[in-house]
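Novice: First residue of the sequence shown: -6, per my numbering; consecutive thereafter.
All C-beta atoms in this analysis are idealised placements derived from N, C-alpha and C, irrespective of residue type, glycine included.
A single structure is presented below for examination.
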Amino acid sequence: EWGELRQRLGSGQSSVVSYFLNITAFCKDNNETALEVEQDILNSFRKNGFELISPRFNHMRNFLTCLPFMAGKGLFKQLKEAGVVQRAESFNVANLMPLVADNPLTPAGLLAPTYRNQLAFIDIFFRGMNNTNYNMAVCGTSG
């Protein structure tokens, strides 16, 4: 097994990467339901050989990791210092991340959700977007 790993790493087929896994579950505001969902998640990961731990006194840090584009703002360094960053082969890490991410578009501007419900800024005059047409249509529902 180690020989195969060395061969993949040596040939550039794979690499060793650092990762942090955070799971956030949303459920009804009910203690019984929350406990049931938590146990389902823990048992599911345990069955596959992963032991999850609760982030005692680190809820804000873990919440910030759920937000897009936050890891580059020094948060990943804090995670490393806390000892929660692990290392694995890139193939394994990619399978742990069932994410679909969007482009952040611009560094500032109109804050808007993307097609995949992530946050992004829109500035149609930002030179990095290479726009040639500065028209914009905004639509929405009442409420």
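(1) Look at the Cβ atom of residue 48, then the Cβ atom of residue 112, and state whether they are nearer than 8 angstroms.
(2) Could you check how far apart the C-beta atoms of residue 114 and residue 125 are, in whole angstroms? I think they sit under 8 angstroms.
(3) Helix or strand or just coil, what does DSSP make of residue 18?
(4) Contact between the segment 73 to 93 and the segment 12 to 20 is defined here as three or more beta-carbon pairs at a separation below 8 angstroms; is this criterion met?
(5) Which residue spans inside the segment 100 to 134 form an unbroken beta strand (DSSP E) run of at least 3?
(6) Counting only runs of 4+ residues fully inside the segment 57 to 96, write out the alpha helix (DSSP H) ranges in chain order.
(7) Mind checking residue 28: buried by the 16 CB within 10 Å criterion, or exposed?
(8) Nearest to residue 89 by CA position, among 70, 8, 122 and 43, is which residue?
(9) Rounded to whole angstroms, what is the Cα-Cα separation between residue 70 and residue 57?
(10) My assumption, with CB atoms under 8 angstroms, is that residue 59 sits in contact with residue 107. Please give the rounded CB distance.
(11) Where does the unbroken alpha helix (DSSP H) through residue 4 begin, and where does it stop?
(12) To the nearest angstrom, how far is it from the Cα of residue 35 to the Cα of residue 46?
Specialist: The answer reads as follows:
(1) No, the pair does not count as a contact, with Cβ atoms beyond the cut-off.
(2) That pair is no contact at about 20 angstroms.
(3) coil
(4) yes
(5) 103 to 106 and 112 to 115
(6) Fully enclosed alpha helix (DSSP H) runs of no fewer than 4 residues occupy 68 to 75 and 83 to 89 of the segment 57 to 96, in order along the chain.
(7) Exposed, since its Cβ has fewer than 16 Cβ neighbours within 10 Å.
(8) 43
(9) 13 angstroms
(10) No, residue 59 and residue 107 are not in contact; Cβ-Cβ is about 15 angstroms, not under 8 angstroms.
(11) Looking at the DSSP string, the run of the alpha helix (DSSP H) that includes residue 4 is -5 to 4.
(12) 9 angstroms
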